[in-house]
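Visitor: For the sequence shown, counting from 1, position 252 maps to 252 in UniProt numbering; every step adds exactly one. Glycine included, every Cβ here is placed at the ideal spot set by N, Cα and C. Please read through the structure below; I'll follow up with questions.
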Amino acid sequence: MSSPSRPGTLHVVATPIGNLGDLSSRGLDTLRNVAAICAEDTRHTRQLLSHFGLERPLVALHEHNEDQIAERVVARLLAGESLALVSDAGTPLVSDPGFRLVRAARAAGVPVSPVPGACAFVAALSVAGLPSDRLVFEGFLPAKGNARRERLAPLAAEIRTLAFYESAHRIEETLADMAAIFGAERRAVVARELTKLFETVLDGTLADLHARVSADANQRKGEFVVLVQGAGDDEQARIAEGKRLYAKLGEHLPPSTAAKLAAELSGAPRKALYGG
């Protein structure tokens, strides 16, 4: 039997990040009508489907098997089946697996259609009261302290709002690192358990947020979005970048030489970096 001339469609479906009422009617109809659903964690997705009285075949697709599974999924799509891709929560591909499958499907000429819905960092941004016209999404930071600080350091001079995901067992350390690298007085927001029963959105300086999270064990539970206001005006950004360069150069050069080079490279005043 020959394959049909038209392939099926890969539907990329956003699912709730907490409140199950946030699954759109279109998303529900899509999940109901596809031949199968590619899911990051099939157990989690089966619970979601069960809540809505749905029963569909599931295909496990996660970071460890995506390359292998993508080829099989694309073959089914080319044979005319329409399939859905979901993550455990929120919009697929946002700090979740799936881009290799989407890339393979598009390369094969398969239509890929988004079914929009919840996204944790967008939800947090909408209630944060921080500048939202320009944004840098960094996702999850490295788990180990040194690697995390190395990732944060170049962002100190970033003038756009920064968005991060963080886990319960690292939120306190991450806020401490951010206060040290970005400055204790930098404005930020910690959004926890969005759309869930114990949702909280805290705002203040990084020093204040670190103190509040450290003092309250309940504020160290759940899933987190951390939003940090950008460095502000260009002078602040230059100084932040200059300090970062000075710290790195100072590992290998005398302080005066490191400050001179950092000032030249960043455009920051030398006194702001070295104090003389």
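What does the Cβ neighbour count give for Arg134, buried or exposed, with the cut at 16 atoms within 10 Å?
Guide: Here the question's residue 134 lines up with position 134 in the sequence shown. Result: exposed.
Visitor: Between the alpha carbons of Ala215 and Gly183, how many angstroms are there, rounded?
Guide: Counted from its first residue, the sequence shown places residue 215 at position 215. Counted from its first residue, the sequence shown places residue 183 at position 183. When rounded, the distance between both Cα atoms is 20 Å.
Visitor: Mind checking who Val74 pairs with in its DSSP beta bridge?
Guide: Counting from 1 along the sequence shown, the entry for residue 74 is found at position 74. For Val74, which the question treats as bridged, DSSP gives no partner whatsoever.
Visitor: So, is His51 buried or exposed, given that buried needs 16 or more other C-beta atoms within 10 angstroms?
Guide: Within the sequence shown, the letter at position 51 stands for residue 51. By the neighbour-count rule (16 or more Cβ atoms within 10 Å), His51 is not buried but exposed.
Visitor: Going by DSSP, name the residue or residues bridged to residue 283.
Guide: Any property of residue 283 remains undetermined from this structure, which presents the chain solely from 1 to 276.
Visitor: Output the distance between the C-alpha atoms of Phe121 and Asp208, rounded to the nearest integer angstrom.
Guide: Within the sequence shown, the letter at position 121 stands for residue 121. Within the sequence shown, the letter at position 208 stands for residue 208. Roughly 21 Å separates the two Cα atoms.
Visitor: For Arg192 and Ala89, what's the separation of their Cα atoms in angstroms?
Guide: On the sequence shown, residue 192 is found 192 positions in, with the first residue counted as 1. On the sequence shown, residue 89 is found 89 positions in, with the first residue counted as 1. If you take the alpha carbons of Arg192 and Ala89, they lie about 15 Å apart.
Visitor: For Ala143 and Arg170, which I take to be in contact (beta-carbon distance under 8 Å), what is that distance rounded to the nearest angstrom?
Guide: Numbered from 1 along the sequence shown, position 143 holds the residue referred to as residue 143. Numbered from 1 along the sequence shown, position 170 holds the residue referred to as residue 170. The Cβ separation is near 7 Å, so the contact holds.
Visitor: Quick check on Asp177: buried or exposed, where buried means 16 or more other Cβ atoms within 10 Å of its Cβ?
Guide: Your numbering for residue 177 matches position 177 in the sequence shown. Per the 10 Å Cβ criterion, buried.
Visitor: Roughly how far, in whole angstroms, is the beta-carbon of Ser87 from the beta-carbon of Gly98, given that I think they are within contact range, below 8 Å?
Guide: Translated into positions along the sequence shown, residue 87 becomes position 87. Translated into positions along the sequence shown, residue 98 becomes position 98. Right, the Cβ-Cβ distance comes to about 7 Å (below 8 Å), so this counts as a contact.
Visitor: So, Gly222 versus Ala168, is the Cβ gap smaller than 8 Å?
Guide: Along the sequence shown, read from residue 1 onward, the residue named residue 222 stands at position 222. Along the sequence shown, read from residue 1 onward, the residue named residue 168 stands at position 168. Cβ atoms of Gly222 and Ala168: closer than 8 Å.
Visitor: For Glu264, which of helix, strand or coil comes out of DSSP?
Guide: Your numbering for residue 264 matches position 264 in the sequence shown. In the structure shown, Glu264 sits in a helix (DSSP, three-state: H, G or I).
Visitor: What is the DSSP secondary structure of Glu173, reduced to helix, strand or coil?
Guide: The sequence position of residue 173 within the sequence shown is 173, counting from 1. DSSP places Glu173 in helix when its eight states are reduced to three.
Visitor: Of all Cβ atoms in chain D, is any one closer than 8 Å to the Cβ of Pro269?
Guide: In the displayed structure, chain D is absent; only one protein chain is listed.
Visitor: How would you call Lys243, buried or exposed, if buried means at least 16 neighbouring beta carbons within 10 angstroms?
Guide: Locating residue 243 in the sequence shown gives position 243, counting from the first residue. Flag for Lys243 reads buried.
Visitor: Residue ranges of each alpha helix (DSSP H) run of no fewer than 4 residues wholly in the region 137-162, ordered along the chain?
Guide: You should have 145-152.
Visitor: Starting from Arg134 and walking both ways along the alpha helix (DSSP H), at which residues does that stretch end?
Guide: Numbered from its first residue, the sequence shown carries residue 134 at position 134. Per DSSP, Arg134 belongs to no alpha helix (DSSP H) and is neither H nor E.
Visitor: Rounded to a whole number of angstroms, what is the C-alpha to C-alpha distance between Ala79 and Gly8?
Guide: Counting from one through the sequence shown, the residue named residue 79 turns up at place 79. Counting from one through the sequence shown, the residue named residue 8 turns up at place 8. Approximately 7 Å, taken between the alpha carbons.
Visitor: Report the rounded CA-to-CA distance for Ala163 versus Ser5, giving the unit in angstroms.
Guide: Within the sequence shown, residue 163 is the residue found at index 163, counting from 1. Within the sequence shown, residue 5 is the residue found at index 5, counting from 1. Their Cα atoms are separated by approximately 43 Å.
Visitor: Pull up the distance between the alpha-carbon of Val213 and that of Gly204, whole angstroms please.
Guide: In the sequence shown, counting from the first residue as 1, residue 213 sits at position 213. In the sequence shown, counting from the first residue as 1, residue 204 sits at position 204. So the two alpha carbons sit approximately 12 Å from each other.
Visitor: Considering just the uninterrupted stretch of the beta strand (DSSP E) at Ser113, what are its terminal residues?
Guide: As a working note, residue 113 is residue 113 in the sequence shown. Taken as a continuous stretch (DSSP letters only), the beta strand (DSSP E) holding Ser113 covers 112-115.
Visitor: Please report how far the alpha carbon of Met1 lies from the alpha carbon of Arg72, in whole angstroms.
Guide: In the sequence shown, counting from the first residue as 1, residue 1 sits at position 1. In the sequence shown, counting from the first residue as 1, residue 72 sits at position 72. Residue placement at Met1 cannot be trusted, given a pLDDT of 40 that sits under 50; what the coordinates show is reported in the next sentence. Rounded to whole angstroms, Met1 to Arg72 spans 18 Å at the Cα level.
Visitor: Checking 8 Å against the spacing of the C-beta atoms, do Ala105 and Val74 come in under that value?
Guide: As a first step, residue 105 is located in the sequence shown; it is residue number 105 there, counting from the start. As a first step, residue 74 is located in the sequence shown; it is residue number 74 there, counting from the start. Yes; because the gap between Cβ atoms is below 8 Å, this pair is in contact.
Visitor: Identify every residue that forms a DSSP beta bridge with Asp203.
Guide: Position 203 of the sequence shown, counted from the start, is the residue given in the question as residue 203. Asp203 is bridged to Val189.
Visitor: May I ask which residues mark the beginning and end of the beta strand (DSSP E) holding Phe224?
Guide: On the sequence shown, position 224 is the one that residue 224 refers to. Taken as a continuous stretch (DSSP letters only), the beta strand (DSSP E) holding Phe224 covers 224-228.
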